[in-house]
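Visitor: The first sequence begins at 1443 in my numbering and counts up by one. Glycine included, each C-beta is placed from N, C-alpha and C at the ideal position. Being a predicted model, the structure only gives us computed values, none of them experimental.
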Amino acid sequence: MTPRSKHDVPRFYLTTAIDYANGDPHLGHALEKIGADVIARYRRLCGDDVHLLIGMDEHGQKVQQTAAKEGVAPQAFTDAIAERFQAIWARLGISYDQFIRTTEPHHKAGVQALIRLIAERNPDDFYERSYTGLYCVGCEAFKQDADIVDGKCVLHATRTLEEVEERNWFFRLSKYQGFLQNLLTTNPSFIEPESRRNEMLGLLAQGLEDISASRARLDWAVPFPLALSNGETQGTYVWFDALPNYLTATGFPDAGYEARWPADLHIIGKDITRFHVVIWPAMLEAAGLPLPKQVWAHGFVQLGGERFSKSAGVKLDLGEAIDRYGADAFRYVLLREVPFDSDGNFSWERFEERYTSDLANAFGNLASRAIAMVEKYFDGEVPAAARPEAELDDDAEIAAYHAGMDGSRGWLLHEGLAAVARMTARANEYTAATTPWAVAKDPARAAELAQILASLIRRIARQSVLLAPFMPTKVEAVWAQLGAPGTAGGQRITALDALDPAGWRVQKGEGVFPRPAPPAKA
RNA sequence: GGUCCGGUAGCUUAGUCGGUUAAAGCGCUCGACUCAUAAUCGAAGGAUCGUGGGUUCAAGUCCCACCCGGACCA
1443 MTPRSKHDVP RFYLTTAIDY ANGDPHLGHA LEKIGADVIA RYRRLCGDDV HLLIGMDEHG
1503 QKVQQTAAKE GVAPQAFTDA IAERFQAIWA RLGISYDQFI RTTEPHHKAG VQALIRLIAE
1563 RNPDDFYERS YTGLYCVGCE AFKQDADIVD GKCVLHATRT LEEVEERNWF FRLSKYQGFL
1623 QNLLTTNPSF IEPESRRNEM LGLLAQGLED ISASRARLDW AVPFPLALSN GETQGTYVWF
1683 DALPNYLTAT GFPDAGYEAR WPADLHIIGK DITRFHVVIW PAMLEAAGLP LPKQVWAHGF
1743 VQLGGERFSK SAGVKLDLGE AIDRYGADAF RYVLLREVPF DSDGNFSWER FEERYTSDLA
1803 NAFGNLASRA IAMVEKYFDG EVPAAARPEA ELDDDAEIAA YHAGMDGSRG WLLHEGLAAV
1863 ARMTARANEY TAATTPWAVA KDPARAAELA QILASLIRRI ARQSVLLAPF MPTKVEAVWA
1923 QLGAPGTAGG QRITALDALD PAGWRVQKGE GVFPRPAPPA KA
């Protein structure tokens, strides 16, 4: 079922939404990229041949206008923005395999090829229609009365609505209503979580309007490859420009793109579900191309209970968040706090609490105490010992971890983390229950002591591997202190049982998750 | 205006087909321990389950209305 690469390794092509190049990256962007990266890293630990796509949506009137306002050419403007996004993704440790920009020549050619393909296969799917209305440049859309207050768009009150009459290419989306309803009914997992699927089914039941595929006065765009009957050539409208990035990134229409397409997973925000579940599959169907396997719509992060927005000044400086305890800690806390299937909240206060309780006190200190005892009682070399009965309880947690991570019940990354946190807590409980420091005082109980400490080291090693997708750098520091061979990220997550710490030379170093500096008075 | 999702202890959440004293983590309080990053372990306290009706022997769980938050569509 899963396509295989030449080495017979399961292939996994996942994408994130391309971000609009009209502003700097924010917390919402980060949540999606971090989540996708965790999935990508998890699949790699499972041995998959993963391809993670990230990118920028760089066309449109808004970009053009903002660039003009800053007095730079649109391309130079988006070049700078794309650079800033990539810099943040690098700092966050996002292991993307490809960064696509819709201004790339190949993408533009791919968009045009897709449109031509649709027009060839279904000549009736594109048609001309004229349209009159009030156009908001901010939204890049015509607005209805309900969205207009005092003659201004409610979303962009600072901009002037323009009365516009124009003739455009339209795409016959309405034709695909039955196809889409059938898709969602016969393939329920096409869009998850289920709540989003229900939303789409409701939307489909209301009927679909055709959508415009080209726009006049859209200069900063991919030229729409079909001329209107009056000879005019227009710019390709956002859907037909942005959505195909997932396809053009594979090389489409050049030979060989089928090796990667269709995508296994599109990760998107819940606000753009409709575009990915209705418009995109319709476009692909019209072109006779395979559909992606699944669309996953994650929720939004709020900041301290408020929806963040540039205008309201509610925002979080990503650089500051990374500086606080490092990118890994931020990644951990964000995904622990925000359920990946629904909305969540993030605040500095919760950040501190989570970091301190989960990472410094629980996991970091567990490693610290276990390593210290191996040094003290066994001269730094982990003794060989059979696994104690108590350790078997971890098996259920590992199963819970995979259930959250493998997509079988949705991409519930927060549940994966919760399972590891329970394993950590259990290891601390085990330490308190077995009191190795007391056992160490009785030479006759050396074997017992060996078993306890070997168990602790093994647990920490296993937890490190499970945490590797979330904290790729920090976990290696722990791994090194354990004296474990290779890297945590280089382990096979399916072979955790084979991890045996006997003979590892531990070395206590700096705390990997130091406690925050005492009273950080602001 | 319409559709959908959510509203459970101070905070974040779990609560499967309605059924015994509504669960967990964090925080707070008390106790224990000392290997460890003043960490850890144990215990206790803490919830009119958004509001108001209704169905039922029994509702956080079903139905209706409303309030609040969110997404989408008009």
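#1: Applying the 10 Å Cβ sphere with the 16-neighbour rule, what's the burial state of PRO1956?
#2: Would you check if the region 1535-1553 and the region 1706-1723 touch, i.e. whether three or more CB-CB distances between them fall below 8 angstroms?
#3: With DSSP as the reference, identify every bridge partner of GLU1562, one or two as the case may be.
#4: Just to confirm, are ARG1778 and ASP1800 a CB contact at a threshold of 8 angstroms?
#5: At 3 residues or longer, and completely inside the region 1741-1812: list those beta strand (DSSP E) runs for me, N to C.
#6: Which stretch, first to last residue, makes up the beta strand (DSSP E) that contains HIS1493?
#7: Mind reading off the beta-carbon distance from VAL1907 to ILE1813? Whole number of angstroms is fine, and I expect it under 8 angstroms.
#8: To the nearest angstrom, how far is the alpha carbon of ILE1530 from that of ASP1521?
#9: Does the Cβ of GLY1928 have 16 or more other Cβ atoms within 10 Å, making it buried, or fewer, making it exposed?
#10: Please name the residue in PRO1732, GLY1761, ASP1713, ILE1764 whose C-alpha comes closest to that of PHE1742.
#11: Give a yes or no on whether the C-beta atoms belonging to ILE1496 and TRP1853 are separated by under 8 angstroms.
#12: Where do the N-terminal and C-terminal ends of the beta strand (DSSP E) with ASN1672 fall, by residue?
#13: Excluding five sequence neighbours on each side, which residues of the same chain lie with their C-beta closer than 7 angstroms to the C-beta of ALA1459?
#14: What do you get for LYS1916, buried or exposed, if any count of 16 or more other CB atoms within 10 angstroms of its CB means buried?
#15: Indicate the three-state DSSP secondary structure (helix, strand or coil) for GLU1546 in the structure shown.
#16: Report yes if the C-beta distance between ALA1729 and LEU1859 is below 8 angstroms; otherwise report no.
#17: Identify the continuous beta strand (DSSP E) that holds VAL1514 and give its terminal residues.
#18: Of the residues ASP1821, LYS1818, LEU1855, which one's Cα is nearest the Cα of PHE1782?
#19: Evaluate TRP1946 with the Cβ neighbour count: other Cβ atoms within 10 Å of its Cβ, from every protein chain shown; 16 or more gives buried, anything less gives exposed.
#20: What number of angstroms, rounded off, separates the C-alpha of LEU1938 from the C-alpha of ALA1655?
#21: Buried or exposed: where does TYR1569 fall if 16 or more other Cβ atoms within 10 Å of its Cβ makes it buried?
#22: Does PHE1621 come out as helix, strand or coil in the three-state DSSP assignment?
#23: Who are the Cβ neighbours of ALA1478 in its own chain at under 7 angstroms, not counting the five residues just before and after it?
#24: With DSSP as the reference, label ARG1934 as helix, strand or coil.
#25: How long is the line joining the alpha carbons of LEU1650 and ALA1663, rounded to whole angstroms?
#26: Kindly list the residues whose CB is nearer than 8 angstroms to the CB of GLN1506, restricted to its own chain and excluding five residues on each side of it in sequence; keep chain order.
#27: Which residues does DSSP list as the beta-bridge partners of VAL1737?
#28: What distance in whole Å lies between the Cβ atoms of SER1572 and GLU1608, which are believed to be in contact at a cut-off of 8 angstroms?
#29: Quick one: Cα of CYS1534 to Cα of ARG1483, how far?
#30: Using the rule of at least 16 other Cβ atoms within 10 Å of the residue's Cβ for burial, across every protein chain shown, is LYS1511 buried or exposed?
#31: Where does SER1572 fall in DSSP's three states?
#32: So, helix, strand or coil for LYS1849, using DSSP?
#33: In whole angstroms, what separates the C-alpha of ASP1652 from that of PRO1732?
#34: Taking 8 angstroms as the cut-off, decide whether the C-beta atoms of THR1866 and PHE1805 are in contact.
#35: Could you check if PRO1400 is buried or exposed, using at least 16 other CB atoms within 10 Å of its CB as the buried criterion?
#36: Given this structure, state the Cα-to-Cα distance separating CYS1911 from ARG1614, to the nearest angstrom.
Guide: Taking the coordinates as given:
#1: By 1-based counting over the first sequence, the position of residue 1956 is 514. Exposed: under 16 other Cβ atoms inside 10 Å.
#2: no
#3: Mapped onto the first sequence, residue 1562 falls at position 120. DSSP lists no partner for GLU1562.
#4: Residue mapping note: residue 1778 aligns to position 336 of the first sequence, counting from 1. Residue mapping note: residue 1800 aligns to position 358 of the first sequence, counting from 1. Yes, they are a contact pair.
#5: 1743-1745, 1786-1788
#6: Working through the first sequence from its first residue, we reach residue 1493 at position 51. Counting along the chain, the beta strand (DSSP E) containing HIS1493 begins and ends at 1491-1499.
#7: On the first sequence, position 465 is the one that residue 1907 refers to. On the first sequence, position 371 is the one that residue 1813 refers to. The Cβ separation is near 17 angstroms, so there is no contact.
#8: Walking along the first sequence from the start, residue 1530 turns up at place 88. Walking along the first sequence from the start, residue 1521 turns up at place 79. The straight-line gap from Cα to Cα measures roughly 14 angstroms.
#9: In the first sequence, the residue the question calls residue 1928 occupies position 486. Flag for GLY1928 reads exposed.
#10: Translated into positions along the first sequence, residue 1742 becomes position 300. That would be ASP1713, whose Cα lies nearest to the Cα of PHE1742.
#11: Locating residue 1496 in the first sequence gives position 54, where the first residue counts as 1. Locating residue 1853 in the first sequence gives position 411, where the first residue counts as 1. No, the pair does not count as a contact, with Cβ atoms beyond the cut-off.
#12: Locating residue 1672 in the first sequence gives position 230, where the first residue counts as 1. Where ASN1672 is concerned, there is no enclosing beta strand (DSSP E), given that its DSSP letter is neither H nor E.
#13: Counting from 1 along the first sequence, the entry for residue 1459 is found at position 17. Counting only Cβ-Cβ distances below 7 angstroms, and skipping sequence neighbours, we find GLU1474, ILE1710, GLY1711, ILE1714.
#14: Along the first sequence, one-based indexing puts residue 1916 at 474. Flag for LYS1916 reads buried.
#15: As a position in the first sequence, residue 1546 is number 104, starting the count at 1. Three-state DSSP puts GLU1546 in coil, outside helix and strand.
#16: By one-based count along the first sequence, residue 1729 stands at place 287. By one-based count along the first sequence, residue 1859 stands at place 417. Result no, Cβ atoms of ALA1729 and LEU1859 do not sit closer than 8 angstroms.
#17: Sequence index remark: in the first sequence, residue 1514 carries index 72 (1-based). Here VAL1514 belongs to no beta strand (DSSP E), and DSSP marks it neither H nor E.
#18: Reading the first sequence from its first residue, position 340 is the one you call residue 1782. Looking at the Cα atoms, LEU1855 is the closest of the given residues.
#19: In the first sequence, counting from the first residue as 1, residue 1946 sits at position 504. Its Cβ being crowded by 16 or more others within 10 Å, TRP1946 is buried.
#20: On the first sequence, residue 1938 is found 496 positions in, with the first residue counted as 1. On the first sequence, residue 1655 is found 213 positions in, with the first residue counted as 1. Cα to Cα, the separation comes out at about 51 angstroms.
#21: Within the first sequence, the letter at position 127 stands for residue 1569. Exposed, since its Cβ has fewer than 16 Cβ neighbours within 10 Å.
#22: Stepping through the first sequence from its first residue, residue 1621 is reached at position 179. It is helical.
#23: As a working note, residue 1478 is residue 36 in the first sequence. Answer for ALA1478: LEU1456, THR1458, LEU1494, ILE1709, listed in chain order.
#24: Numbered from its first residue, the first sequence carries residue 1934 at position 492. DSSP places ARG1934 in coil when its eight states are reduced to three.
#25: Mapped onto the first sequence, residue 1650 falls at position 208. Mapped onto the first sequence, residue 1663 falls at position 221. Their backbone Cα atoms lie some 26 angstroms apart in a straight line.
#26: In the first sequence, the residue the question calls residue 1506 occupies position 64. The residues are PRO1516, ASP1661, TRP1662.
#27: Within the first sequence, numbered from 1, the residue matching residue 1737 stands at position 295. VAL1737 is bridged to ILE1633, HIS1708.
#28: Taking the first residue of the first sequence as position 1, residue 1608 is located at position 166. Taking the first residue of the first sequence as position 1, residue 1572 is located at position 130. Indeed, because the Cβ distance is near 7 angstroms, the residues count as touching under 8 angstroms.
#29: Residue mapping note: residue 1534 aligns to position 92 of the first sequence, counting from 1. Residue mapping note: residue 1483 aligns to position 41 of the first sequence, counting from 1. It should be pointed out that residue 1534 corresponds to Leu in this sequence rather than to Cys. Looking at the two C-alpha atoms, the distance is approximately 13 angstroms.
#30: Locating residue 1511 in the first sequence gives position 69, where the first residue counts as 1. Exposed, because fewer than 16 other Cβ atoms sit within 10 Å of the Cβ of LYS1511.
#31: Taking the first residue of the first sequence as position 1, residue 1572 is located at position 130. Looking at SER1572 - three-state DSSP - the assignment turns out to be strand.
#32: For the purposes of this step, residue 1849 is taken as the residue at position 407 of the first sequence. The amino acid occupying residue 1849 in the given sequence is Gly; Lys does not appear at that position. Strand.
#33: The sequence position of residue 1652 within the first sequence is 210, counting from 1. The sequence position of residue 1732 within the first sequence is 290, counting from 1. Straight-line Cα distance between these residues: approximately 22 angstroms.
#34: On the first sequence, residue 1866 is found 424 positions in, with the first residue counted as 1. On the first sequence, residue 1805 is found 363 positions in, with the first residue counted as 1. Going by C-beta atoms, THR1866 is nearer than 8 angstroms to PHE1805.
#35: Past the edges of the chain, shown from 1443 to 1964, lies residue 1400, and the structure says nothing about it.
#36: Against the first sequence, residue 1911 aligns to sequence position 469. Against the first sequence, residue 1614 aligns to sequence position 172. Residue 1911 is actually Pro in this sequence, not Cys. Those two C-alpha atoms are separated by around 42 angstroms.
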